[in-house]
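See structure below.
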Ligand SMILES: [Zn+2]
């Protein structure tokens with residue numbers, strides 16, 4: 198899907214008029230796109246006015262049921278509001294997670310793939326939808342700690358044992374180098390995948406998850422892949 | 003490509019709310035576990051939330067269920083409300099619409115519903131009429147909708163009220179997907195300008 202196509206989905210997105218696959222693809226894009234974010238915000242404000250004109254009070258009994266429900270419903274913590282908050286001084290700590298775990302590294306999948314996602318016959322879209330349909334699925338955006346543009350999101354489902362990686366606006370890796378995805382589970386770092394981007398800066402890839410992730414990270418490694426991370430952490434999200 | 007800089011931290015912006023956003027203020031209090039604030043919030047938002055859900059879902063009993071789900075979710079998520087990303091009312095209407103859409107899509111929209119929607123769409127001024135509650139808002143919104151071209155209005159209505167994806171709307175209207183995408187976009191820009199002008 199080209200950038201222009203993605204931008205033009207903002208209105209349809211604000212109307213919830215995208216199917217699940219396009220919704221996920223658009224969400225991966227718009228958080229890093231000022232234009233789309235502003236558009237969605239505005240369009241939602243507009244539709245909120247339309248929504249106001251639809252006002253129809255529910256039966257009064259509904260309030261009792263809602264109040265009874267919320268009295269026994271735990272609220273989510275506000276600390277998760279932040280889009281992957283990054284504690285200060287994490288540099289060393291996070292790195293330690295990768296480096297100190299060298300002895301127990303499991304190199305899982307090492308291969309180099311250029312992948313141009315977004316078209317409809319694309320098996321990736323089905324894989325992403327399948328993961329997102331799982332009740333225990335989660336999606337997280339990795340904090341970009343490099344000075345490069347671009348973003349990564351990972352969606353995964355522990356019950357399926359599968360994760361999908363989405364990257365957007367990524368610079369092509371320098372000659373002889375490639376991005377590498379790491380799954381960190383407790384004190385283990387697992388090399389998950391080595392990837393390069395196609396010319397359009399997008400990466401779409403699904404990988405098995407052999408363990409429950411406690412963090413996801415991306416480093417720059419030699420193109421043949423590393424079993425032990427050697428580059429700085431470029432993107433990371435703690436789960 | 004540049005050299006990688008050492009890690010830098012990004013701090014979230016503090017949660018804030020527009021002082022004029024009464025609903026947002028209630029939501030913040032609700033986020034701290036204040037059930038009575040949530041009760042007031044319910045009174046403020048229930049007609050809108052229920053109205054959106056009913057419009058999309060149609061079935062009254064199912065609409066009540068979905069409305070209940072939406073409010074429980076608003077309660078669960080209240081502490082995550084971020085006033086810098088739109089008003090609380092907008093957040094609630096987005097959530098209400100999304101939940102209604104999820105419900106109708108999981109119910110596998112029946113053929114009858116599609117047919118009825120297609121018929122509704124060609125009667126433009128019927129759109130909001132059935133749910134008239136706050137007549138001033140309704141008149142404004144209806145006037146704004148009337149400024150859209152027929153195709154823009156049909157596309158927006160089939161998507162937002164009918165709960166169809168833009169691809170489904172293209173089939174219903176017998177036009178190209180790209181055309182629907184751009185009509186939806188043009189229509190929303192027009193609506194925004196019309197409504198914004200009178201707000
Ligand atoms: Zn964009």
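Chains as they are written, first to last, in my numbering: chain Z, 198 to 436; chain A, 3 to 201.
No residue lacks a Cβ here, since even glycine has one placed at the ideal position from N, Cα and C.
Computed from a prediction, not measured in an experiment: that's the story for all the values here.
Annotation: the continuous beta strand (DSSP E) that includes residue 414/Z extends over 412-419. Taking the Cβ atoms as the reference, residue 330/Z lies roughly 21 Å from residue 226/Z, outside the contact range of under 8 Å. Below the 7 Å Cβ cutoff, chain Z contributes 255 and 259 as neighbours of residue 69/A, in chain order. Exclusion of the five residues before and after residue 103/A leaves 58 and 165 as the residues of its chain whose Cβ lies within less than 8 Å of its Cβ. By the neighbour-count criterion, in which a residue is buried when 16 or more other Cβ atoms sit within 10 angstroms of its Cβ, residue 269/Z is exposed. Rounded to whole angstroms, residue 158/A and residue 97/A show a C-alpha spacing of 18 Å. In this structure, the straight-line span from the alpha carbon of residue 178/A to that of residue 423/Z is close to 47 Å. Secondary structure note for residue 50/A: its alpha helix (DSSP H) is the uninterrupted segment 37-59.
Proximity annotation: ligand 1 has residues 203/Z, 204/Z, 226/Z, 227/Z, 230/Z, 232/Z and 233/Z in chain order, each selected because its CB is closer than 6 Å to a heavy atom of the ligand. Relative to residue 172/A, the option among 204/Z, 235/Z and 215/Z whose CA is nearest is 215/Z. The beta carbon of residue 55/A lies closer than 6 Å to those of 65, 68, 69, 98 and 102 in the same chain, with the five residues before and after it left out. Between residue 217/Z and residue 332/Z, the alpha-carbon positions lie close to 15 Å from each other. In summary, the residues of the segment 220-249 of chain Z whose CB is separated from some CB of chain A by less than 8 Å are 238, 239, 240, 241, 242, 243, 244, 245, 246, 247, 248 and 249, in the order they occur in the chain.
Think of a sphere of 8 Å around the beta carbon of residue 60/A: no beta carbon from chain Z falls inside it, the nearest being about 12 Å out. Between residue 189/A and residue 150/A, the beta carbon gap of about 5 Å places them in contact (Cβ cut-off 8 Å). Counting C-beta pairs with one atom in each stretch, the segment 237-256 of chain Z and the segment 32-52 of chain A have three or more that are closer than 8 Å, which means they touch. Below the 7 Å Cβ cutoff, chain A contributes no neighbours of residue 411/Z, its closest Cβ being approximately 18 Å away. If you draw a straight line from the Cα of residue 32/A to the Cα of residue 76/A, it is about 9 Å long. Looking at 243/Z, 245/Z, 392/Z and 323/Z, the one whose alpha-carbon comes closest to that of residue 349/Z is 392/Z.
Inclusion of residue 419/Z and residue 358/Z in the CB contact set at 7 Å is not warranted, their separation being larger than that value.
Residue 75/A: member of the alpha helix (DSSP H) spanning 62-79, first to last residue. For the C-beta of residue 218/Z, not a single chain A residue is nearer than 8 Å; the gap to the nearest is close to 10 Å. If you draw a straight line from the Cα of residue 23/A to the Cα of residue 90/A, it is about 7 Å long. For the segment 28-50 of chain A, the set of positions with a beta-carbon nearer than 7 Å to some beta-carbon of chain Z reads 33, 35, 37, 40, 41, 44, 48, 49 and 50 in chain order. Residue 408/Z places its beta carbon 7 Å or farther from that of residue 416/Z. At a C-beta separation below 8 Å, residue 151/A has no neighbours in chain Z, since its nearest C-beta there lies roughly 15 Å away. Taking the Cα of residue 34/A as reference, the smallest distance to any Cα among 346/Z, 271/Z and 360/Z is reached at 271/Z. When the beta-carbon positions are compared, residue 361/Z and residue 375/Z stay at least 7 Å from each other. From the beta-carbon of residue 167/A, the residues of chain Z found nearer than 9 Å are 209, 213, 214, 215, 216 and 219. In this structure, residue 197/A keeps its C-beta atom at 7 Å or more from the C-beta atom of residue 141/A.
For residue 96/A, the chain Z residues whose Cβ falls inside 7 Å of its Cβ are 241, in order along the chain. Around the beta-carbon of residue 26/A, 16 or more other beta-carbon atoms lie within 10 Å, marking it buried.
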